[in-house]
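In short: position in the sequence shown from 1, add 34, done, that's our numbering. Presented below is the structure to which this report refers.
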Amino acid sequence: MININLNASISKNEIYNLIRIFDKSSQIRFDDKDHLSHAMVIMVDNTRVTLNADGLEKMASSVDVCELSYFYDEYTVRLKLAIRHTLYKLLREYFNRESNYGILTGTRPVKLVRTTLERGFSHQEIENVLKQTYLMAEGTIKRLLSICAVENSLLKKDPSSISLYIGIPYCPSRCHYCSFISEVCKDEIILDRYLDILIEELAAKADILVSNQLSVKSVYVGGGTPTVLTARQL
Numbered sequence: 035m036i037n038i039n040l041n042a043s044i045s046k047n048e049i050y051n052l053i054r055i056f057d058k059s060s061q062i063r064f065d066d067k068d069h070l071s072h073a074m075v076i077m078v079d080n081t082r083v084t085l086n087a088d089g090l091e092k093m094a095s096s097v098d099v100c101e102l103s104y105f106y107d108e109y110t111v112r113l114k115l116a117i118r119h120t121l122y123k124l125l126r127e128y129f130n131r132e133s134n135y136g137i138l139t140g141t142r143p144v145k146l147v148r149t150t151l152e153r154g155f156s157h158q159e160i161e162n163v164l165k166q167t168y169l170m171a172e173g174t175i176k177r178l179l180s181i182c183a184v185e186n187s188l189l190k191k192d193p194s195s196i197s198l199y200i201g202i203p204y205c206p207s208r209c210h211y212c213s214f215i216s217e218v219c220k221d222e223i224i225l226d227r228y229l230d231i232l233i234e235e236l237a238a239k240a241d242i243l244v245s246n247q248l249s250v251k252s253v254y255v256g257g258g259t260p261t262v263l264t265a266r267q268l
């Protein structure tokens with residue numbers, strides 16, 4: 035059991051997913067009771083983030099939000115990154131291993147690189163922030179930049195073509211490492227209702243594509259797990 039006391043406004047899911055990089059099995063619980071009995075206490079005082087882990091051999095880590103480099107100006111976004119940065123450093127020390135992606139969790143890591151390039155950041159600036167704040171491995175950073183360059187070259191070839199994503203936000207079961215908001219559902223009636231609305235939405239999107247002279251070059255069905263659908267539904 036890992037008990038966490040957090041006095042800052044940050045998604046608990048972000049903390050949960052970061053801990054799961056290092057610890058796949060322990061139960062994680064959040065509450066705001068007397069922090070002395072907790073394994074991890076994350077405190078924010080003005081711009082300073084301090085993490086004490088009484089259950090992890092009295093380990094501690096802290097950082098000032100202003101010490102790190104960021105892609106964003108909003109303080110709340112910077113604070114969230116500083117908390118994850120501090121927690122990752124402590125977990126890395128305790129478990130004596132690290133993730134090539136640092137504090138970044140979830141899917142589509144290249145998206146972060148692309149959006150920052152579009153906002154005018156240079157390759158060097160991106161490398162610095164990903165290495166110093168996100169704590170990514172140097173090889174991973176270069177790989178993301180390389181993949182982004184390839185993707186951008188493909189995106190520029192035909193601006194009139196698009197890729198269509200169809201979301202099926204249901205799964206037959208939940209994997210222990212899952213960070214998606216998908217629901218576990220095996221009820222064919224519920225799935226049929228969802229598909230009826232989805233088909234209506236696809237019809238509306240088709241009208242938009244036609245009016246804007248756009249063509250679909252690829253379709254991705256994800257979620258969720260599309261295999262939760264029967265052959266008839268799919």
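Each residue gets a CB set at the ideal place from its N, CA and C atoms; glycine is no exception.
Secondary structure of residue i, DSSP reduced to three states
i: residue 84; result: strand
i: residue 37; result: strand
i: residue 251; result: strand
i: residue 96; result: strand
i: residue 70; result: For residue 70, the predicted structure reports a pLDDT of 48, less than 50, and the residue's modelled location is therefore unreliable. The matter cannot be settled from this model.
i: residue 233; result: helix
i: residue 76; result: strand
i: residue 131; result: coil
i: residue 153; result: coil
i: residue 105; result: coil
i: residue 62; result: strand
Whole-angstrom distance between residue j and residue i, CA atom to CA atom
i: residue 168; j: residue 98; result: 15 Å
i: residue 263; j: residue 50; result: 29 Å
i: residue 85; j: residue 45; result: 16 Å
i: residue 70; j: residue 40; result: With a pLDDT of 48 at residue 70, under the threshold of 50, the predicted position of this residue should be treated as unreliable, though the coordinate-derived value follows. Cα to Cα, residue 70 sits roughly 12 Å from residue 40.
i: residue 100; j: residue 238; result: 46 Å
i: residue 140; j: residue 130; result: 22 Å
i: residue 175; j: residue 190; result: 23 Å
Buried or exposed (CB count within 10 angstroms, at least 16 for buried), residue i
i: residue 106; result: exposed
i: residue 76; result: buried
i: residue 195; result: exposed
i: residue 136; result: buried
i: residue 83; result: buried
i: residue 204; result: buried
i: residue 120; result: buried
Integer Cβ distance of residue i from residue j, believed to fall under 8 Å
i: residue 56; j: residue 125; result: 5 Å
i: residue 178; j: residue 147; result: 5 Å
i: residue 259; j: residue 206; result: 6 Å
Residue-chain proximity (residue i, chain D), Cβ-Cβ < 8 Å
i: residue 38; result: The chain inventory of the structure shown lacks chain D, comprising one protein chain alone.
Runs of alpha helix (DSSP H) wholly within the region 158-228 (minimum 4 residues, chain order): You should have 172-189.
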